[in-house]
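Contents: one structure, followed by commentary.
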């Protein structure tokens with residue numbers, strides 16, 4: 001077997017580290033160039049001490065020359081940078097995977113409002129579970145990895161909207177671990193501030209993942225869906241727990257809701273609909289490319305309530321990216337991806 | 001000055017411990033009997049090692065005889081037990097404070113659905129910030145302390161409903177620290193399970209605090225309010241962060257919303273409306289009898305979004321109880337209660 | 001390839017869960033019977049929700065009949081129970097692996113003092129890194145898995161004692177995550193008690209792992225070694241960080257110390273001597289069968305100071321057990337075992 | 001009563017915030033100027049959101065002019081800066097309190113080795129529990145607040161050395177919460193790195209608090225004491241748990257050891273010798289100016305083992321500082337200082 005060779009741009013960050021961790025377990029992908037900006041020249045071990053297998057590898061500059069010649073290039077860069085690097089790489093058969101936001105939003109106005117700067121357009125969206133998306137990814141050479149929150153919310157609600165079971169007026173409140181904010185040196189991300197405390201941020205429709213959630217759910221629903229989204233920072237390193245709720249359509253029963261979710265998810269290798277009465281915990285998915293999901297009908301309030309847990313770095317970023325790459329390379333979708341969490 | 005003497009029933013639990021901690025700082029209340037059930041006969045230090053001033057005090061049985069003769073009796077007992085103990089104490093001028101659920105719900109049907117067993121009726125509700133409630137508490141001899149979640153949600157939304165600014169279709173998602181679940185020995189409350197993980201529980205309209213939230217908000221709104229409530233367990237010992245959202249009434253502006261909250265809260269000693277753009281963290285209120293609140297208008301989704309942080313054991317239980325007792329005893333409302341948190 | 005079939009007794013506990021997690025990634029071992037005591041009859045998913053691949057498997061009773069017919073049997077049982085089960089299994093070619101304490105201590109007096117009850121004798125000790133031990137394990141049919149603390153301390157100090165670089169008067173202080181205490185429902189293990197707090201326990205020579213550390217280090221040193229051991233409980237689910245110190249022998253230099261450790265560890269697949277100046281963190285080894293080690297000479301105090309990090313459930317228990325089983329089955333020692341941690 | 005007026009230099013940091021929190025509860029001290037360097041000009045609420053009572057106070061520049069005219073000036077500044085500011089303040093009757101390291105070490109060589117730069121000399125050492133120290137502080141106008149680790153270690157071992165019960169060859173391993181490292185924006189202090197992980201740092205005699213511990217214990221012992229000190233960072237915001245051990249002098253009995261500690265500590269208002277068999281947890285002292293201490297004789301290893309818990313920000317810094325100031329101002333030593341922790 002000939003291993004396919006992959007490069008990681010942004011290897012010193014959290015998403016880059018998770019890509020490396022997962023790729024080291026992948027039987028058909030091998031790690032080539034590891035690149036970064038300010039960390040170039042230092043060994044990876046100085047930034048990712050949990051990866052002793054790569055400790056001595058020297059990080060290179062993120063340039064088109066260094067990234068050239070790989071079968072797959074993962075771009076784990078701040079938004080606005082992936083598009084520039086991708087442009088430098090030019091047309092090629094290389095699978096280029098943008099783990100950032102640059103190629104997610106189809107609507108230039110939404111891009112301008114939430115990100116600003118030039119709109120790079122869209123690439124095939126790396127969420128195989130979305131109806132029809134798996135086939136698109138099988139031939140994709142460019143992949144836009146979904147945001148971590150949109151991954152969780154879309155998986156939690158697409159069966160409801162695909163089945164016409166919910167009204168398009170969604171409320172989402174989601175807690176994330178601090179790695180979702182990256183390795184940025186900000187006072188509010190210091191351990192002393194985070195431990196023992198849950199905090200809200202980006203409230204009121206201003207979080208950048210909002211239009212991406214709306215784009216996904218609107219496509220499934222066939223009508224415009226609005227999402228009122230409130231993110232929270234929780235005292236844990238990894239994990240997202242999202243509570244996603246929308247008014248139930250008239251006449252919906254609990255049994256019909258359950259059945260719709262069972263049917264929509266029964267063949268999904270990475271999404272588990274939990275037994276009735278069991279609710280998700282992020283620990284169920286720690287370090288795994290999985291989602292743990294539960295749904296119920298709140299008959300008192302007339303709402304569909306879906307709760308989902310993922311690991312923001314794995315299924316929410318790096319694992320989801322590799323899952324899409326597996327499809328693009330014609331490999332089995334599950335290849336090399338952990339399906340069991342690390343717990344307790 | 002003659003100190004008034006208080007008893008704590010349930011002194012070995014988390015609510016009882018917090019009552020003791022706060023009462024030790026109170027200049028006009030002194031601690032008399034400390035009682036419990038299975039812990040009776042052991043020193044308080046074996047259960048509350050953070051309270052060295054009381055370490056040698058022996059816990060007594062929770063009986064009417066032991067509790068008699070105090071000016072104030074706090075009942076920090078499992079639901080269903082306070083009403084029985086209160087009945088044994090009989091008619092008297094003693095201020096009896098039920099920190100449990102027995103005397104909160106006015107609707108016997110809601111009691112039967114969510115708690116079961118005999119309905120004990122209602123006592124004056126210990127949330128001085130509710131319009132009109134402060135005066136009621138000044139003459140109360142019986143006080144029903146609100147649940148921790150209803151305290152947070154009611155404080156977060158009463159200005160909106162009092163001002164007619166929101167539709168009565170509320171969605172609440174709230175994260176709590178584990179002390180909210182008490183000292184019960186359950187596997188899901190073990191440190192190994194809780195640390196590094198956020199989990200959902202009691203989803204879909206089944207949490208017992210739901211009807212209490214609806215009762216409070218309906219009274220303020222003047223129409224029936226429904227609440228779709230999802231609680232989460234977060235990896236911290238203390239604190240509640242609640243995101244509370246409802247559709248905005250047509251024509252509401254962000255400025256009008258802000259002004260309504262400023263007016264409603266400007267004289268409240270324990271509720272801080274944060275500066276615009278600052279969002280609550282539970283660490284702001286750690287160990288303090290305070291609430292930190294922010295509100296915004298999500299114009300994209302057309303919703304009022306209020307986020308509030310409290311310490312579930314302090315403002316959410318023991319501190320709120322003492323605040324009401326201060327009123328009932330004719331003392332200054334703030335007396336002896338911490339208004340600054342312990343952070344970082 | 002024919003998979004070898006393994007049973008796990010004690011599958012509902014933390015050690016049993018970690019064995020299952022690791023075995024699911026092992027290419028030549030497949031999971032057969034999963035057994036327990038009080039949990040028998042329930043699905044594994046009710047106890048190990050992070051293992052969706054096994055969620056529907058029903059836990060059986062721990063009996064000789066159920067365990068019979070496997071190539072490997074792991075006993076992850078409370079001390080005192082493994083010996084009884086092993087006796088029932090009788091003589092056979094099955095590899096029986098005691099993850100408990102029953103077969104670790106050679107000295108009946110030490111067993112009597114620290115554990116009590118009948119002394120079961122010793123089995124080959126499952127720490128391949130100990131000089132000479134790897135060869136013993138290649139032919140073993142019975143394996144005594146070391147305790148988690150003794151694993152860490154022995155790995156940290158054996159190069160010093162093998163090289164005659166330290167006096168036999170050891171002081172160890174080690175912090176463990178709460179999973180080291182198992183799933184027992186004790187108040188001091190509740191999340192509310194553990195989070196935000198480090199505590200000491202078993203101080204003063206009374207911890208059961210003390211004689212095991214002394215047994216290992218004495219064997220390497222060739223003289224009796226005493227260990228003054230203080231364990232601490234830290235607010236994390238997994239991990240041990242052990243600081244191990246002993247007086248330096250006269251004339252020892254920092255360079256000689258470093259060289260001795262480099263030589264002793266250079267071929268070890270799972271033990272990393274970190275670059276000079278880098279000190280271990282338990283996150284480096286989270287979920288991995290690895291140890292991260294650093295050593296220095298405190299010239300001011302004249303002491304060798306070695307600090308080591310392991311995951312108590314992986315290298316400290318389940319991973320170490322599988323490492324030894326790989327040897328016993330003639331498989332590559334590293335087969336199926338993760339060498340990269342899950343971080344951040 | 002006329003309040004005495006205090007200034008805090010370094011008010012935006014963790015030590016400065018804790019000083020402010022405690023001073024707000026002090027009945028005879030009121031807060032005057034709050035100063036800082038880069039934070040000058042911003043409101044305190046932007047840096048200490050847990051202190052709503054001071055939220056609107058504007059931070060001033062740290063200059064002699066601003067600090068002049070207060071009865072007490074607390075300097076919570078990085079080492080090297082306090083001496084310069086103190087020099088600018090000149091001779092005066094103001095009580096100047098250095099919460100940094102500048103005035104702790106008597107030995108210029110130790111200063112040069114561990115800190116470097118000009119040696120400022122010593123001020124009266126602010127640890128009232130040290131034999132003879134309380135009287136010195138009653139007339140002091142300058143106070144050097146001990147380091148947080150030296151506070152814990154000195155309290156834990158001074159009874160042993162004062163009684164001649166231990167040999168002068170000390171080993172200390174101590175875990176600290178992350179606030180001990182201050183608010184510096186370093187990658188290893190990010191929440192994502194800290195949570196779920198214990199790490200070692202400053203191992204091998206290089207931590208700056210080492211000579212201070214040796215200075216204190218040598219003074220008590222009357223002979224030079226060496227300390228082999230290993231600090232660890234634990235996943236909590238506050239707290240130090242220190243295990244302190246030294247060889248027992250020949251013939252020492254457990255009873256004699258216990259008695260010596262009881263006698264040494266029986267009149268101390270802030271140090272609790274726990275009941276036999278109970279071991280300290282940092283949660284016992286959370287936010288309180290207390291120490292929780294236990295001691296035992298490890299007869300197997302022939303060592304005295306003392307374990308102590310303090311809050312590094314309270315008894316370890318700000319609370320200890322106010323305790324000394326109370327003495328210097330002729331106030332009751334305990335005035336305004338919390339003696340009960342915030343737990344769970």
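Chains as they are written, first to last, in full-length UniProt numbering: chain A, 1 to 344; chain B, 1 to 344; chain C, 1 to 344; chain D, 1 to 344. Heads up, the beta-carbon is just placed ideally off N, CA and C, and yes, glycines get one too.
In terms of CA proximity to residue 76(A), 103(A) leads the group 164(A), 55(A), 53(A), 103(A). Here DSSP, grouped into helix, strand and coil, assigns residue 35(B) to strand. 8 Å or more divides the Cβ of residue 33(A) from the Cβ of residue 15(A).
Residue 243(B) sits in a strand when the DSSP states are folded into three classes.
Judged by their CB atoms, residue 195(D) and residue 45(A) are not nearer to each other than the 8 Å cut-off. In the DSSP assignment, residue 231(A) falls outside any alpha helix (DSSP H) and within the unbroken beta strand (DSSP E) covering 226-233.
Put simply, the CB of residue 178(D) is near chain A, with a gap under 8 Å to one of its CB atoms.
Under the Cβ criterion of 8 Å, residue 196(B) is counted among the residues facing chain C. In the three-state DSSP reduction, residue 14(B) falls in the helix class (H, G or I). For the pair residue 287(A) and residue 176(A), the Cα-to-Cα distance works out to about 14 Å. In the DSSP assignment, residue 308(B) falls within the unbroken beta strand (DSSP E) covering 303-310. Taking the C-beta atoms as reference points, residue 105(C) is found nearer than 8 Å to residue 212(C). In this chain, the alpha helix (DSSP H) harbouring residue 257(C) covers 254-265. Residue 156(C) is a Cβ neighbour of residue 244(C), given a cutoff of 8 Å. Residue state for residue 160(C) is assigned as helix, using DSSP reduced to three classes.
Minimum Cα-Cα distance from residue 163(A) among the listed residues 220(A), 308(A), 150(A) corresponds to 220(A). Under the three-state reduction of DSSP output, residue 53(C) falls in the helix class. Boundaries for residue 322(B): no beta strand (DSSP E) harbours it, while the alpha helix (DSSP H) harbouring it runs 319-328, taken from the DSSP string.
Between the region 167-182 of chain D and the region 118-137 of chain D there are fewer than three inter-stretch CB-CB distances shorter than 8 Å, so the stretches are not counted as touching. Of the other Cβ atoms in all chains shown, fewer than 16 fall within 10 Å of the Cβ of residue 84(B); this residue is therefore exposed.
Counting the other CB atoms within 10 Å of its CB gives residue 58(B) a total below 16, which places it among the exposed residues. Between residue 29(D) and residue 9(D), the alpha-carbon positions lie close to 16 Å from each other. Nearest C-alpha to residue 72(B) among 110(B), 143(B), 41(B): 143(B). Residue 150(D) sits in a helix when the DSSP states are folded into three classes.
Ranking 337(C), 272(C), 319(C), 342(C) by CA distance to the CA of residue 126(C) puts 319(C) first.
Nearest to residue 114(A) by alpha-carbon distance, out of 79(A), 148(A), 137(A), 89(A), is 79(A). With respect to chain D, the C-beta atom of residue 34(B) has no partner C-beta closer than 8 Å.
Contact holds between the region 223-232 of chain A and the region 229-248 of chain B, because three or more Cβ pairs, one in each stretch, are under 8 Å apart.
Around the CB of residue 12(B), 16 or more other CB atoms lie within 10 Å, so the residue is classed as buried. For the region 189-218 of chain B, residues whose beta-carbon sits nearer than 9 Å to a beta-carbon of chain C comprise 189, 190, 191, 192, 193, 194, 195, 196, 197.
Residue 93(D) and residue 141(D) have their C-alpha atoms roughly 6 Å apart. For residue 324(A), the CB contacts under 6 Å within the same chain, skipping 5 residues up- and downstream, are 126, 137, 143 in chain order.
DSSP places residue 93(B) in the coil class of the three-state scheme, outside both helix and strand. About 7 Å separates the beta carbons of residue 95(B) and residue 329(B), which is inside the 8 Å limit, making them a contact pair. Within a 10 Å sphere around the beta-carbon of residue 60(A) sit 16 or more other beta-carbons, which makes this residue buried.
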